[in-house]
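Those letters in the sequence shown? Residues 51 to 263, by our numbering.
All C-beta atoms, glycine included, are put in the ideal place defined by N, C-alpha and C.
Source: prediction; values computed, not measured.
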Amino acid sequence: NLVNIMGLKFGKEYNTESDVKTLRYGHLMVMADQDTDGSHIKGLVINFLHHFWPSLLDRPGFLQQFITPIVKATKGKRSKTFFNLPEYTSWLEETGNQGKGWTIKYYKGLGTSTSAEAKDYFSNLDTHEVNFARLEDDKFQPEEDDEFGKVLPDTVASGSDIIDMVFRKSRVEDRKQWLNNAPTETFLDYSEATQEGVKYSDFINKEYILFSR
């Protein structure tokens with residue numbers, strides 16, 4: 051299992067470089083399908099680390115994900131890839147003709163990619179290898195005009211709070227407020243992921259929520 055593979059020790063804190071060097075690997079990459087079930091798997095890994103070893107989520111690039119398309123649209127020599135269905139739906143609407151003239155391929159999982167496509171993924175790691183940002187830096191003061199500012203409970207002010215809200219059994223009412231009032235057309239735009247990586251709060255609010263609904 052993950053604990054044995056990484057060499058993790060329950061009860062041990064990984065706060066220093068020497069602590070982390072006791073692990074068998076310096077990074078953990080999640081390679082899951084890009085559908086909502088894959089988002090669920092990512093969320094479970096995040097929650098597991100957050101519960102037992104939160105300091106690992108504060109290390110730049112410790113937790114990574116390898117993303118692959120869920121939809122690909124081609125037209126002649128042009129191609130567009132989409133890493134979630136809401137992003138694809140938004141593009142269809144922007145075309146004005148529901149993508150007429152484009153050939154659409156849906157991917158049911160990693161196994162539906164061809165060997166040529168897999169080679170392309172690994173030849174373009176800058177696109178497909180995405181770090182999560184440091185959890186310690188994931189703090190915010192929701193503004194009135196922020197798309198999630200009006201729906202998150204007042205007790206939520208950081209990525210750590212959001213992870214706790216989503217996975218702690220006792221926070222049922224907070225989750226109801228979040229799910230019932232969150233924007234329905236939001237999605238995580240991986241093209242905007244910076245070198246610092248995707249914030250855990252953005253992952254929960256814009257990707258994991260698609261599984262929770």
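Thinking C-alpha only, which one of the options is nearest residue i?
i, options, result
"E242", "F132, K219, I259 and Y156", "F132"
"N97", "R74, K59, M215 and E67", "M215"
"F60", "L160, V80, L106 and H90", "L106"
"K265", "I55, P104, T153 and S220", "Nothing can be reported for residue 265: it is not among the residues displayed for the chain, which extend from 51 to 263."
"S129", "G146, T139, E144 and T153", "T153"
"H178", "I55, W141, V80 and L58", "V80"
"G161", "R184, S220, K219 and Q84", "Q84"
Residue i and residue j: beta carbons closer than 9 Å?
i, j, result
"I212", "T236", "no"
"L78", "V53", "no"
"G209", "K189", "yes"
"L99", "V121", "no"
"E246", "P110", "yes"
"L229", "R263", "yes"
"Y240", "I117", "yes"
"T217", "H101", "According to the sequence displayed, residue 217 carries Phe and not Thr. A contact, by the Cβ cut-off of 9 Å."
"D69", "E186", "no"
"T86", "F261", "yes"
Terminal residues of the continuous alpha helix (DSSP H) containing residue i?
i, result
"M215", "G209 to F217"
"V121", "Taken as a continuous stretch (DSSP letters only), V121 belongs to no alpha helix (DSSP H), being part of the beta strand (DSSP E) at V121 to K125."
"V95", "T86 to F102"
"M56", "L52 to M56"
"P136", "L135 to T145"
"Q227", "V222 to N231"
Just curious, the beta strand (DSSP E) that residue i is in, first and last residue?
i, result
"N181", "E179 to N181"
"T131", "R128 to F132"
"T153", "T153 to Y156"
"F116", "L113 to F116"
"V80", "L78 to V80"
On the CB-based measure, 16 or more other CB atoms within 10 Å of its CB, does residue i come out buried or exposed?
i, result
"A123", "buried"
"K92", "buried"
"A166", "exposed"
"Q148", "exposed"
"K158", "exposed"
"F253", "buried"
"L73", "buried"
"P233", "exposed"
"N51", "exposed"
"D195", "Here the model assigns D195 a pLDDT of 44, short of 50, so the residue's position is not dependable, and the following value carries that caveat. It counts as exposed."
"N255", "buried"
Residues in the same chain with beta-carbon distance under 7 Å from residue i, minus the five sequence neighbours each way, listed in chain order, please.
i, result
"G88", "A82"
"E257", "S89, N134 and L238"
"Y342", "Outside the shown range of the chain, which is 51 to 263, sits residue 342, and nothing can be said about it."
Here's a check: name, in chain order, each residue in its chain whose Cβ is nearer than 8 Å to the Cβ of residue i, leaving out the five neighbours to either side.
i, result
"T66", "none"
"G151", "K125"
Who are the near neighbours of residue i in its chain, counting only those whose CB is closer than 6 Å to its CB and skipping five residues on each side?
i, result
"N181", "G111, Q114 and G247"
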